[in-house]
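**Q** Sharing a structure here in structure tokens format.
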Amino acid sequence: KSDGMCNIQCIKNVVYDISENREEGHGRIMGLKIKGTDILLGDIMSQLEDDDVYDYLSKHFCSLKREEIEAALRMITMLLIAFEKPSRI
Numbered sequence: 001k002s003d004g005m006c007n008i009q010c011i012k013n014v015v016y017d018i019s020e021n022r023e024e025g026h027g028r029i030m031g032l033k034i035k036g037t038d039i040l041l042g043d044i045m046s047q048l049e050d051d052d053v054y055d056y057l058s059k060h061f062c063s064l065k066r067e068e069i070e071a072a073l074r075m076i077t078m079l080l081i082a083f084e085k086p087s088r089i
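Going by UniProt numbering, the letters in the sequence shown line up with residues 1 to 89, in that order.
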């Protein structure tokens with residue numbers, strides 16, 4: 001897919017809205033999530049950090065060491081979580 005098509009799919013499927021159900025028990029959270037669900041992007045990214053995606057990413061970024069890829073994944077997760085806040089609604 002072209003970058004333009006991927007961007008359009010992102011706009012159609014990702015929203016900044018309330019997530020009602022958090023496994024961690026934090027209650028209602030405002031954050032970037034998949035439209036029509038309560039799945040936050042930060043939660044998706046956290047799951048990717050837990051899975052071993054190193055092999056996949058190292059094929060595309062062969063010059064990076066494992067700790068560099070893990071650091072990048074952690075930073076992406078932290079950036080997504082930075083957009084989350086308790087809902088006052």
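Backbone N, C-alpha and C define an ideal beta-carbon position, used for all residues, glycine too.
What you are looking at is a predicted structure, and each value in this text was computed from that prediction instead of being measured.
Express the C-alpha separation of Arg88 and Asp52 in angstroms, rounding to a whole number.
**A** Start at 1 with the first residue of the sequence shown, and residue 52 comes out as number 52. Start at 1 with the first residue of the sequence shown, and residue 88 comes out as number 88. Rounded to whole angstroms, Asp52 to Arg88 spans 36 Å at the Cα level.
**Q** Buried or exposed: where does Ser19 fall if 16 or more other Cβ atoms within 10 Å of its Cβ makes it buried?
**A** Position 19 of the sequence shown, counting from 1, holds the residue named residue 19. Answer is buried; the Cβ neighbour count reaches 16.
**Q** According to DSSP, Lys85 sits in a beta bridge with which residue or residues?
**A** For the purposes of this step, residue 85 is taken as residue 85 along the sequence shown, with counting starting at 1. DSSP lists Met30 as partners of Lys85.
**Q** Please list, in chain order, all residues of the same chain as Leu32 whose beta carbon is under 7 Å from its beta carbon, the five residues on each side excluded.
**A** Along the sequence shown, read from residue 1 onward, the residue named residue 32 stands at position 32. So the list reads Val14, Tyr16, Leu40, Leu41, Leu80 and Phe83, once near-sequence residues are dropped.
**Q** Whose C-beta lies closer than 7 Å to the C-beta of Ile34 among residues of the same chain, with five residues either side of it excluded?
**A** Working through the sequence shown from its first residue, we reach residue 34 at position 34. Counting only Cβ-Cβ distances below 7 Å, and skipping sequence neighbours, we find Asn13 and Val14.
**Q** Return the CA-CA distance between Ala71 and Ser63, expressed in angstroms with no decimal places.
**A** Stepping through the sequence shown from its first residue, residue 71 is reached at position 71. Stepping through the sequence shown from its first residue, residue 63 is reached at position 63. Computed Cα separation, rounded: 14 Å.
**Q** Which same chain residues end up closer than 8 Å to Ser58 when comparing Cβ atoms and leaving out the 5 residues on each side of it in sequence?
**A** Walking along the sequence shown from the start, residue 58 turns up at place 58. Answer for Ser58: Leu64, Arg66 and Ile69, listed in chain order.
**Q** Pop quiz: Met45 and Thr77 are said to be a contact at Cβ under 8 Å. What is the actual Cβ separation, rounded to whole angstroms?
**A** Locating residue 45 in the sequence shown gives position 45, where the first residue counts as 1. Locating residue 77 in the sequence shown gives position 77, where the first residue counts as 1. Yes, Met45 and Thr77 are in contact; Cβ-Cβ is about 4 Å, under 8 Å.
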